[in-house]
Amino acid sequence: MALVVVLALVVLVTVVVLAFFAQATANQQVEAKRQQRSMAQALGRSACDYVIDQFAREIVDAGRSIEYSSNGVSVFYPKANANVVPQRVVASTIGVSDSNFFNLNRQSIPAADTNVSADGTASPSRNGTLVSADRWNRPRMLPGGGFTNTTQLPNWIYVDKTNGPVKSPSTDVVGRFAYNVYDCGGVLDVNVAGYPQSAANSMSSVKGTIAGADLTQIGLSQSAIDKLVTFRNPGATTASSYLECVDALTDRGYLANVVTNSTTGKVYTNNFFGTRQDFLKYVRTQNPDLANFTHLLGVFSRSENSPSWTPGVPSGVTSSVSYDADADKPASLNRRIANVRFPVDQTITWYRVDGTREERVRKQGQPLVSQRFPLGRLRWITPSGPNLAIPNAAAAIKQHFGLAWDSANKLWIYTSPVGSSAATTLKTLEQVATEGREPDFFELLQAGILSGSTGRDAGPLGTLTTDGPAGDTQAWDKTPAYQIMQIGANVIDQYDEDSYPTEILTGLGPVADATFYGIESLPYLPRVFFCVYRYDSNPKRAGGWFCFEVWNPHQTVPTGSQVPTQFRIRATGSAQVKVLVLGGANTPPNLPPGGAPPVFGPVTDLKGNVGVQFSINPQEPTLLTPSNASSPASENLITSPEITHTVYKNNGADVWYVNTAKSNSMVGIWTGDALNVDPAYYDQGMITPNGVTFTLQYKHPDGSWRDYSVMKKLGITDRGGSIVDIYNPVSKDCFYFAQKSDPRTDRFSVSMNYQTYGGLILPNSSLRPNGGQGTILARFSPATTSAFTFHGSGSATGGLNNNNALGMLSENRETPSLASSASWVSYRDIDNINRRAEGAFAASTSSDGMPLFANNLASRPLILNRPFRSVGELGYVFSDAPWRNVDFFTPESGNAGLLDIFTVSEDEVVAGKISLNTRQAASLKALAAGGAVVEGSGAILSAIEAADIATAVQGASETSPFLNRSDLVGRFRSSLDTDGRFASLPSIALSSAARNRIKSQRESIVRTISDATDTRTWNLLVDVIAQSGRMPAGASLSGASFVITAEQRYWLHLSIDRITGKVVDQMLEPVYE
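Note that full-length UniProt numbering numbers the sequence shown so that position 184 is 184, with each residue one more than the last.
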C-alpha cells in the first residue's frame, strides 16, 4: 500500500549521515558530536514515521476495515464500530478503567509491536542513563501523578543499520527509540476553547463550537479562563468583540491567528500557542491555575471536514428498504458517501462563503463529496435575488445550489448546476460524478435523507371514490424529489433574516412544473368552510361562500420591516351551489306532493374573484370575518343577525385542533346563488367544488401579490352548507369544512369534517379505508391497503361521535398516548417504518410536545430567521410531513445523515473539534453546559444536565463507538420514550418533562454537540525519545550494554483520517530538556 511508510529509510538515512561525516576532517570532536546529534535527530524523525506507519497499518488491516478501491484510491470503512477508534494497547499494569490513563492510547511494548524489545526505558544504559517516569510525564497528558511505576513505561525498539527496527540488538545497532502515544480526541484545543466571563450571557450563538465550551465544567476557575482569553485574544476584550472574533475564527476553521470579521471588517490578531512547550511554559509562568488540567488542554487539533456517513437504520427498526446493501449501488439515492468517486481527474470551481472563487483539483478515484457542505453559503440567497453584498453570488449560487434567478418573475429556478432551464429531476450522486462536479445543496439533501422516509402519499384510492382530475396531489406527494425540494426551500427560509418566503420553480412536477415556497412564520390556511346562507333581503335566494380560517402555527410572530403585513386568499377552479330538502325526520309538513327537486346555481368560475384580504397573523386558528378581514368585492360579504357561526374548541384531551369563534357576518369567496329556494321546505345547502385550489398570497413591498401557500384541488363531491328552513330553524352554522392535517403542507391534502347543527365539532372523517362520509378531495379516501393504520372507530375522549382524527398525526404513534384510543390514526413511511412526529413522547396527562393544544406555543415549531449556529439547528426545519420537522429527535429518524453531510465550517481541514468517542466525559460536559434549550429565552442546559449528557455519550461510545455524527440520533432514546422498539437503547434524561418531550427543547443535545465533534479523524500526540549509540564489541547484547552517544526527543502532533488513512496534518515539535 502507498499508505505504508517504508521504514528501511532509517537505514538509508544512517548510511548518508555516516558517509557525510566520514569526509569531515576539521575539528573531529565537534564534528563527532554533530554527527551523533544528527543521527539522533534522524532516528527520532524516522521513529515518528514508524509510529505513523503503525496506525496506517491498523487502518488498512483487513480484519478491521472493509476496503473499497476505485482507480487505485482506497477508502477503509470500519468493519465494526469498535474499529472506528485507534486500538488501545498499553502496559498490563495500567488498568483499563483507570481514568488517569484514559488519554494514553499506545506504547512501545511487546504486546503492541513485535519489534519491541524486553528492555525497559527505565533501565540504565552502559552510560548510566535512563528515562524515568518523571521524564515520560513531561507532556503533562496524564492527570494525577501520571506514570508512577517503571512497569508502566515503554520499552526500547532497536535500529539495526542493515535491518532497520529490530527486537533483538546486535553489534550493527546504531540507535534505539521508544514512545508513548496519547489520544487527544478529548483534549480541548486551548487556542479555541473557553470564553471570558463578560461574554458568558452571549455565548449561545457559539455553543455549537469548542469556542463555546464552558471550561469551568472541567474544573478551571473563571479567573484562570479570563486570564487565558486575555492572553490569547487581546483584541477581544468585550462580549461583542469576543463574539466577533470567534465568528471570524469560525469562518477560517480556527486555523488562522489573524482574521477579519466578514460583517464588521474588523481585524483580530490572536496569540495562538504554537507548541505544547509554549503552552506549558505559559501555565508554569503566567497561569498556574491551569496546571492540574493540562491533560484536557492541547495546542493542536485537526479534523477532516468530510462526511463518512453510511445509510442504515438503528437497532430495533426493520426497514423494507435495504439501505446498507444498496449503499454502493450506482442508482441508489443514499450512498456510502465516501465511496462515490470522481471517474476522471477534474478541476472544479469552488466558492468560499465570502464569494471568493477557487479552482480545486480532484483526482480520479477521489471521493466525490470530499468536504461537508458549509451552511454559511445560504447567506448568498435572498427572496429578491442573489445577495449583492457577496461577490460572484449569482455564479456561486448556480454552482452550489443549482439555482438561477428569474428577475422577470421574481423567483428562483432550479436548473441544477449544469442546466439552463427548470430541471426535471434531482440527480443521484452517481449522475453528478459523471458530470465532473460536486453535488449541489439539494442533491446532498437527497443523499442524506433516507429515500424511504420521503414521498409518502395517502395510499391507493378507496372504493368509495373516483380518481381526481389531472394534477391530483397524490402524484405530487409520492414524488420524493418534490419533498426534498420543499425541505431545501424551508432550510433557506430558516436561515435568512426576512419573513418573505423563498419561491423556487422546478420541472419536478408529475404533470406540471412544481413551485415551492419556503416556510416562514406567517398565517397559513388550515381550514375552509362550505357555507350556504339565505339573503335576508330575499329568503328565496341562497348564496354559497368558501369561508376561511387562518393560523400561524409557530412559536413566535416576527416583527420588523422585513415581514409581510398584508395577505389575501384567492381561488381557481369552479364551484356550484345546490339547495335541497334534507328530508328524513326533519321533513317539513308543507313539502309539495312529490317532493321538491334540488335547485342549482350556475357553475361559477372562481378565477376572477378578487378574494379575501386580511392583515392578522394569529397564533391560534382564527375565523376570518368582517371584523378582521375584508374584500373589495361586495358579493364576498354577507351580514345577517341569524348567522351564529360557531366552531367549538377542544377540551384538551383530544389532539385535533379547532377554534372558538362567533359571528353574525361572514366574508368569503362567493360561489354563486341558487334562486327560488322556498324557505318553507328547502333546508340544506351544498357546494360542489370542481378542482378548486386556494392560494395564500402576501403583499410584497414592491406592491405585487406573491403566492406562498396552496390548498390544492378540492374535488367533485358536494358538501353541505347551513341553509335552514322555517319548519326547523336550528341555526345557520357552517356544516361541512375541509381541513389540513398541518396548515403548512398540502401533503395528504385535506379531509372532510363536519359539525352538527348547534353542536360540537366532529373530528375528521374522510381518512378511513372503509365507510364514512366520503371525501372532500376525490382521491383522499385510501383503500384498506394504504399505509395508514386505523386503530378502530367510535367515540373519542369526551364522547364525541367521530371517525378518525387527522390531528393524531401530530404524534403519528402506533401506540396511542391518550386514555381513549378508539379513533387512533398513524401511518408508516415508504420503507415501512413508523416515524413519529412532534408528539412522539406525548402523554395523556400533559400538553408537552403537543402542537395542536390551544395556546401551547412552546410545543410548536420555530422559525429562526438567522444563520445556523450548528448543523443541529437543521432540526428546526419543517420536513413537509404533518407536524414533523427534520428529525434529530427520535431514534428512527430518516434525517440523521444530514448531521454528517452539512456543517457551519467551510474549510477542508478545521481545528477545535473533539472526538465523539472520547473517554473524557469532562470535555463533553464542557461542550454541552450552557447550550440553548429554548431559543431566545435564556433557558440553557444546566451543569447537571450536561454531566448526564456527557456520561451517556461517553458510556454509549465505550460500549460501541460512534461511527459518525449521525449516530447521535439513533443511539439514544428519551427517558420518557415508551416505544418498545427502542427499549434497549440507553436514555438521556433532561431536567423536566417538557425538555424531554418537546422536540425543539430535547434537540438542544444534538445542537450543542454535533458540530463540535468528530469521529473520522484520529488526533494523537506521539512522544518519542530516540537515542543514537552502539553495542560495544564483546559486550552482552542488552540494554544495559548500549552506549548512548546522543538523544533527541520529539512531540509529534498528528491527525490521521480514519477513512482514507492519509495524514491530515502534523506538527513536529523538538523537545529540549
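Cβ atoms here follow ideal geometry from the backbone N, Cα and C, with glycine treated the same way.
Nothing here was measured: the structure is a model prediction, and the numbers come from that model.
Endpoints, the beta strand (DSSP E) within which residue i is located
| i | result |
| --- | --- |
| residue 572 | 567-580 |
| residue 159 | 157-160 |
| residue 359 | 357-362 |
| residue 281 | Not the beta strand (DSSP E): residue 281 falls in the alpha helix (DSSP H), residues 276-285. |
| residue 178 | 173-183 |
| residue 697 | 684-699 |
| residue 1031 | Run containing residue 1031: none; DSSP gives neither H nor E here. |
| residue 75 | 73-78 |
| residue 400 | Run containing residue 400: none in the beta strand (DSSP E); it sits in the alpha helix (DSSP H), 393-401. |
| residue 166 | 164-166 |
| residue 614 | 612-614 |
| residue 713 | 705-714 |
| residue 673 | 665-674 |
| residue 433 | It is not in any beta strand (DSSP E) - residue 433 instead sits in the alpha helix (DSSP H) that spans 429-434. |
| residue 1054 | 1043-1057 |
Neighbourhood of residue i by C-beta distance below 7 Å, restricted to the same chain and skipping five residues each side
| i | result |
| --- | --- |
| residue 841 | 849, 974, 976, 977, 996 and 997 |
| residue 632 | 610 |
| residue 1057 | 304, 1016, 1017 and 1064 |
| residue 483 | 454, 455 and 880 |
| residue 224 | 287, 289 and 290 |
| residue 1061 | 3, 56, 59, 60 and 76 |
Cβ neighbour criterion (16 or more within 10 Å) applied to residue i
| i | result |
| --- | --- |
| residue 955 | exposed |
| residue 254 | buried |
| residue 435 | exposed |
| residue 792 | The predicted position of residue 792 is uncertain, since its pLDDT is 42 and thus under 50; no value can be drawn from it. |
| residue 250 | buried |
| residue 134 | exposed |
| residue 980 | exposed |
| residue 111 | exposed |
| residue 25 | Here the model assigns residue 25 a pLDDT of 47, short of 50, so the residue's position is not dependable, and the following value carries that caveat. Exposed, because fewer than 16 other Cβ atoms sit within 10 Å of the Cβ of residue 25. |
| residue 97 | exposed |
| residue 535 | exposed |
| residue 358 | exposed |
Sequence-distant residues of the same chain with beta carbon closer than 6 Å to residue i, five excluded per side
| i | result |
| --- | --- |
| residue 146 | 137 |
| residue 673 | 541, 543 and 601 |
| residue 363 | 345 |
| residue 987 | 973 and 975 |
| residue 68 | 75 and 339 |
| residue 745 | 880 |
Rounded distance between the beta-carbons of residue j and residue i, thought under 8 Å
| i | j | result |
| --- | --- | --- |
| residue 447 | residue 333 | 7 Å |
| residue 305 | residue 877 | Between residue 877 and residue 305 the Cβ distance is about 22 Å, and since that is not below 8 Å, they are no contact. |
| residue 413 | residue 505 | 5 Å |
| residue 218 | residue 189 | About 13 Å; that fails the 8 Å criterion. |
| residue 888 | residue 895 | 7 Å |
| residue 309 | residue 966 | 6 Å |
| residue 985 | residue 971 | 7 Å |
| residue 923 | residue 186 | 5 Å |
| residue 341 | residue 367 | 6 Å |
| residue 669 | residue 571 | 5 Å |
Residue range of the unbroken alpha helix (DSSP H) whose run includes residue i
| i | result |
| --- | --- |
| residue 1002 | 999-1002 |
| residue 231 | 222-232 |
| residue 135 | 133-136 |
Chain C within 8 Å of residue i, Cβ atoms only
| i | result |
| --- | --- |
| residue 288 | You won't find chain C in this structure, because it holds only one protein chain. |
Cut-off 8 Å between Cβ atoms - residues of its own chain near residue i, not counting five sequence neighbours on either side
| i | result |
| --- | --- |
| residue 109 | 89, 90, 91, 116, 154 and 155 |
| residue 244 | 236, 261, 263, 264, 266 and 268 |
| residue 1069 | 275, 276, 277, 1050, 1051, 1052 and 1053 |
| residue 63 | 79 |
Residue i beta carbon near the ligand NAP (any heavy atom closer than 7 Å)
| i | result |
| --- | --- |
| residue 289 | Ligands in the displayed structure: none, and consequently the ligand NAP is not present. |
> Do the segment 109-120 and the segment 1049-1069 touch if we need at least three Cβ pairs shorter than 8 Å?
Replying inline: no
>> Using 8 Å as the cut-off, can you tell me whether the segment 1003-1022 makes contact with the segment 904-921, which would need three or more C-beta pairs spanning the two stretches below that distance?
In response: yes
> Is it true that the segment 923-942 meets the segment 480-497, where meeting means three or more beta-carbon pairs spaced less than 8 Å apart?
Replying inline: no
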